[in-house]
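Residue numbers (the numbering used here), protein chains in the order written: chain A, 1 to 699; chain B, 1 to 208.
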């Protein structure tokens, strides 16, 4: 008996020529389709240009051995942040397109089809949460945390790399959806039953499911790694209550990741079972219950908010303390507030669906719990204000972000209290009021924080400072753009304009939509300014080098090593005797000199690079691609490759490299010699060219 | 302040070399955290099962499908396998002859495979009655919960085979010891989850 397998489905699954945006634009040349084709072309051309440049300059080997396969937490952190910036660019452009559409689509169909508009708000939200915010904060924690607690790496460097590559693979799926097929129109939360196969039969929801699933698994792994690093790899004497605030918020975020990411994985996989195998978890018929999805999604979704915001709180604590030249006010209360927020974040998820049928008593309980979170958050705001009080505040770019955050975040918090009251929520739910609120929390509470951290730690990571002037221009654009783009949405939302609307039939909304549209362009200018800033900074790097490693008169241990730090971070693991050991040693009489030569050096063991983690992450994306397009053979092969890579790695030995003590000594002593030759500069000159990374100590 | 002595929950490798114990400290702790996140997954599947137990939509019900006897036998098999794995861990810790270690690991693997075979038989019987996951929300949640546990056991069996290969290849070096400890924790967790499945699914289905 012969079985004939049609070649087309076996190799190409359910792909048809119509799935290429170029073909669609050719057959139906509307502006909407042409924009889609242009976006797809941009992905292809971008990839080709990058590949061509790498080939032209012969950098493939360097990229592969020094970066992609590296298990060094610092390089992994930087790669995470690169991913975040790439994805930020895409999602911000999508936001501008949506604002343009709403500005022109008043009693008018506008230039984007409803389906295209639906894809835009779905990708914008999914990318901003899972592929901008998460990689950004994970990367920042990756880079900074081991340096702050006096560790030489993360607890599990190989798992760290797998988490990165799962995230990259998932981000790759998001980009692939621009070139082949389409994306979900179900929003970033992907509510069934709309996202069930009965209503969304195309590949879009499958792209969403698998991108989010891979991302959530990567984040769970990252969370386990971060928590274990904090618990187990602190330097001798680094008690919990001596850790920098950023380390504390990293710990709380990682705990949230460990417990909050699995619900997302479960929710998306159950949806996949419904779609692929005809299960009935969330379907309308045969006993499905979409409320289970809503509960599980927000059981992830609300802690997620704090996963996003806590690291930024940590950055602000560092920045405010450093640039106010004062110890952090109320350290203990900040630690308790952080932990309180982490715990409370699991008790409020129902406020995301007050209107979906629970009794008024249940809503009241969750409404009160929601307002309770305002208390520890308020504690934090007061602590930062008291830290600045009577300090010598220096208005550098990170400090400006911190100040803008405090003002803006408090305003967003007020509207949060409004939304936390179920009766009021009934009036404004599903309107632009909500959209304005969560952007009002996440832009200052995440993006500004990450950008502040980016400016603050950039000199540590690359050995030179970012350009201050372009930093201020970008800052101004981010803040002005935010207020222009989102405050009109409060008015529109309160006037009843529904979110995710492709066309508007109320002419009186026009002026507000115009203002918001202008704001979107200012935000685009902000991102452009960041790009220019990076270019200018790299061009002028000779003038801003801070090899001595301490450009801001910093407090944490990360400032006590060279910039950029050596692969092993610390030539000799420091002994911690206080909350700000580096700062106190610099400033206090009778303390050991932080730049003294250590008594002895030891051999240091560091992990070798690994290709298996790259293979696992990218092959997982390939397996997902096979599932999306129903190319089952591809998925089976890819899964086998993953299993083989894991087993192979477990059989591998000799996965570490020993750096001899003599080499460590030579490098470290050479750096110390250069530090001693570096002129110390007072704080007033820290943004000037004379700042070489050594702070002047005023007795 | 003196540093506390390094130790982790479960069997420690204390006297098999300070370095191994030091490495095990981090590795085992990290694995415990992973197990907790895995436990969250099972908790949600239990919760889903709880909300969908009545969603039988005229199809098979718990009372009509769940047989206590095979589930009880499966419980005994898994509990015994945890005991044999525990014995294997002791053989590893005290460097007993290799054949003792392999015998206990082999017994564990055998019990795990028999468990899987019985479970597959249960599923096949249910399918024959028309009780398959596409039939109702109740059956979807049942197969997701019990099936995921079965998948975990299958992965653990595969992992056990890989570990036997590693013992053959490298003897009991630090990494093999640590990974055997991790596999043990994984195995015992699956046991605990099964006890919950036996109570919540099978006992409730027959008695409740």
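We put the beta carbon where it would ideally sit given N, CA and C, even for glycine.
Could you name the residues of chain A that residue 34/B contacts, counting a contact when the two beta carbons are closer than 7 Å?
Here residue 34/B corresponds to residue number 34 of the second chain, with the count starting at 1. 224, listed in chain order.
Leaving out five residues before and five after residue 57/B in sequence, what residues of the same chain have Cβ atoms less than 6 Å from its Cβ?
The residue you call residue 57/B lines up with position 57 of the second chain. Here the set comprises 136.
Any chain B beta carbon closer than 7 Å to residue 258/A
Sequence index remark: in the first chain, residue 258/A carries index 258 (1-based). Residue 258/A counts as touching chain B.
Counting contacts by CB-CB distance shorter than 7 Å, is residue 292/A in contact with chain B?
The residue labelled residue 292/A in the question sits at position 292 within the first chain. Chain B, which has a Cβ nearer than 7 Å to the Cβ of residue 292/A, makes this yes.
Check the C-beta distance from residue 546/A over to residue 693/A and give it rounded, since I have them as a contact under 8 Å.
Position 546 of the first chain holds residue 546/A. Position 693 of the first chain holds residue 693/A. Correct: roughly 3 Å between the Cβ atoms.
Output, in chain order, the set of chain A residues within a Cβ distance shorter than 9 Å of residue 198/B.
Residue numbering aside, residue 198/B sits at position 198 when the second chain is read from its first letter. Result: empty, since nearest Cβ-Cβ is about 21 Å, beyond 9 Å.
Residues near residue 179/A by beta carbon distance below 8 Å, same chain, minus five either side:
By one-based count along the first chain, residue 179/A stands at place 179. So the qualifying residues of the chain are 20, 21, 40, 43 and 44.
Is residue 530/A close to chain B? Criterion is C-beta to C-beta, closer than 7 Å.
In the first chain, counting from the first residue as 1, residue 530/A sits at position 530. Not closer than 7 Å to any Cβ of chain B, the Cβ of residue 530/A fails to qualify, so no.
Any idea if residue 196/A is buried or exposed, counting beta-carbon neighbours within 10 angstroms, 16 or more meaning buried?
By one-based count along the first chain, residue 196/A stands at place 196. Looking at its Cβ environment, which holds 16 or more other Cβ atoms inside 10 Å, residue 196/A is buried.
Give the range of the beta strand (DSSP E) segment to which residue 398/A is assigned.
Residue numbering aside, residue 398/A sits at position 398 when the first chain is read from its first letter. Unbroken run through residue 398/A is the alpha helix (DSSP H), 397 to 420; no beta strand (DSSP E).
Nearest-angstrom Cα separation, counted from residue 112/A out to residue 200/A:
Start at 1 with the first residue of the first chain, and residue 200/A comes out as number 200. Start at 1 with the first residue of the first chain, and residue 112/A comes out as number 112. For residue 200/A and residue 112/A, the distance between alpha carbons rounds to 20 Å.
Going along the chain, which residues of its own chain have a beta-carbon closer than 8 Å to the beta-carbon of residue 573/A, five neighbours each way excluded?
Numbered from 1 along the first chain, position 573 holds the residue referred to as residue 573/A. Once the five neighbours on either side are set aside, the close Cβ partners of residue 573/A are 150, 152, 235 and 236.
Answer yes if the segment 303 to 320 of chain A comes into contact with the segment 448 to 462 of chain A, meaning at least three C-beta pairs across the two stretches below 8 Å, and no otherwise.
yes
Run of the beta strand (DSSP E) containing residue 658/A, from where it starts to where it stops:
The count along the first chain starts at 1 and reaches residue 658/A at position 658. Counting along the chain, the beta strand (DSSP E) containing residue 658/A begins and ends at 656 to 659.
Measuring only the C-alpha atoms, how far is residue 96/A from residue 563/A?
By 1-based counting over the first chain, the position of residue 96/A is 96. By 1-based counting over the first chain, the position of residue 563/A is 563. Each residue's Cα considered, the two are about 37 Å apart.
Check whether the Cβ atoms of residue 45/B and residue 144/B lie closer than 7 Å to each other.
Locating residue 45/B in the second chain gives position 45, where the first residue counts as 1. Locating residue 144/B in the second chain gives position 144, where the first residue counts as 1. Their beta carbons are under 7 Å apart, which means residue 45/B touches residue 144/B by this criterion.
According to the neighbour-count rule (16 or more other Cβ atoms, all chains shown, within 10 Å of its Cβ), is residue 187/B buried or exposed?
In the second chain, the residue the question calls residue 187/B occupies position 187. Taking a 10 Å sphere around the C-beta of residue 187/B, we find 16 or more other C-beta atoms and assign the residue as buried.
Residue 234/B touches chain A at which residues, Cβ-Cβ below 9 Å?
Because chain B is modelled from 1 through 208, residue 234/B falls outside the range shown and cannot be assessed.
Applying a beta-carbon distance threshold of less than 7 Å, which residues of chain B neighbour residue 296/A?
Position 296 of the first chain holds residue 296/A. Chain B residues near residue 296/A: 44.
So what does DSSP say about residue 281/A, is it helix, strand or coil?
Looking up residue 281/A in the first chain gives position 281. Correct three-state label for residue 281/A: coil.
Would you say residue 2/B faces chain A, with C-beta separation under 7 Å as the test?
As a position in the second chain, residue 2/B is number 2, starting the count at 1. Because residue 2/B sits at a pLDDT of 45, beneath the cut-off of 50, its placement in the model cannot be relied upon, and the following sentence gives the value as read from the coordinates. Closer than 7 Å: no.
At the level of alpha carbons, what is the spacing between residue 627/A and residue 69/A?
Along the first chain, read from residue 1 onward, the residue named residue 627/A stands at position 627. Along the first chain, read from residue 1 onward, the residue named residue 69/A stands at position 69. In this structure, the CA atom of residue 627/A is about 27 Å from the CA atom of residue 69/A.
Residues in the same chain with beta-carbon distance under 7 Å from residue 624/A, minus the five sequence neighbours each way, listed in chain order, please.
What you label residue 624/A is simply residue 624 of the first chain in a count that begins at 1. Excluding positions up to five away in sequence, the list reads 173, 210 and 214.
I'd like to know whether the C-beta atoms of residue 571/A and residue 668/A end up nearer to each other than 7 Å.
Here residue 571/A refers to the residue found at position 571 of the first chain. Here residue 668/A refers to the residue found at position 668 of the first chain. Yes, Cβ-Cβ distance for residue 571/A and residue 668/A is below 7 Å.
For the segment 48 to 70 of chain B, which residues have a beta carbon sitting closer than 9 Å to at least one beta carbon of chain A?
48, 51, 52, 54, 55, 56, 57 and 59
Sufficient close CB pairs (3 or more, under 8 Å) joining the segment 141 to 150 of chain A to the segment 58 to 75 of chain A:
yes
Which residue comes first and which comes last in the beta strand (DSSP E) that contains residue 605/A?
In the first chain, counting from the first residue as 1, residue 605/A sits at position 605. Where residue 605/A is concerned, the enclosing beta strand (DSSP E) stretches over 604 to 607.
Check the Cβ of residue 289/A against every Cβ in chain B and list those closer than 8 Å, keeping chain order.
The sequence position of residue 289/A within the first chain is 289, counting from 1. Within chain B, the residues near residue 289/A are 51, 52, 55 and 137.
Which bits of chain B does residue 202/A rub up against, with CB to CB less than 9 Å?
Here the question's residue 202/A lines up with position 202 in the first chain. Against chain B, the beta carbon of residue 202/A has no neighbour under 9 Å; the closest one sits roughly 21 Å away.
Go to residue 204/B, then tell me how far its alpha helix (DSSP H) extends in each direction, as first and last residue.
In the second chain, residue 204/B corresponds to position 204, counting from 1. Start and end: 204 to 207.
Nearest to residue 86/B by CA position, among 180/B, 200/B, 203/B and 201/B, is which residue?
Looking up residue 86/B in the second chain gives position 86. Closest by alpha carbon: 180/B.
Sequence-distant residues of its chain with Cβ nearer than 7 Å to residue 430/A (five each side left out):
Looking up residue 430/A in the first chain gives position 430. The residues are 498 and 499.
Between the Cα of residue 91/A and those of 58/A, 119/A, 356/A and 221/A, spot the shortest distance and give me the residue it belongs to.
As a first step, residue 91/A is located in the first chain; it is residue number 91 there, counting from the start. When only C-alpha atoms are compared, the closest one is 119/A.
Which residue spans inside the segment 17 to 85 of chain A form an unbroken alpha helix (DSSP H) run of at least 4?
21 to 27 and 31 to 56
Test: residue 148/B CB closer than 7 Å to a CB of chain A:
Locating residue 148/B in the second chain gives position 148, counting from the first residue. Using beta-carbon distances, residue 148/B does not count as an interface residue toward chain A, since no partner is under 7 Å.
With hydrogens ignored, establish whether the beta-carbon of residue 207/B is closer than 6 Å to any heavy atom of the ligand MN.
What this structure holds is no ligand at all, so the ligand MN is not there to describe.
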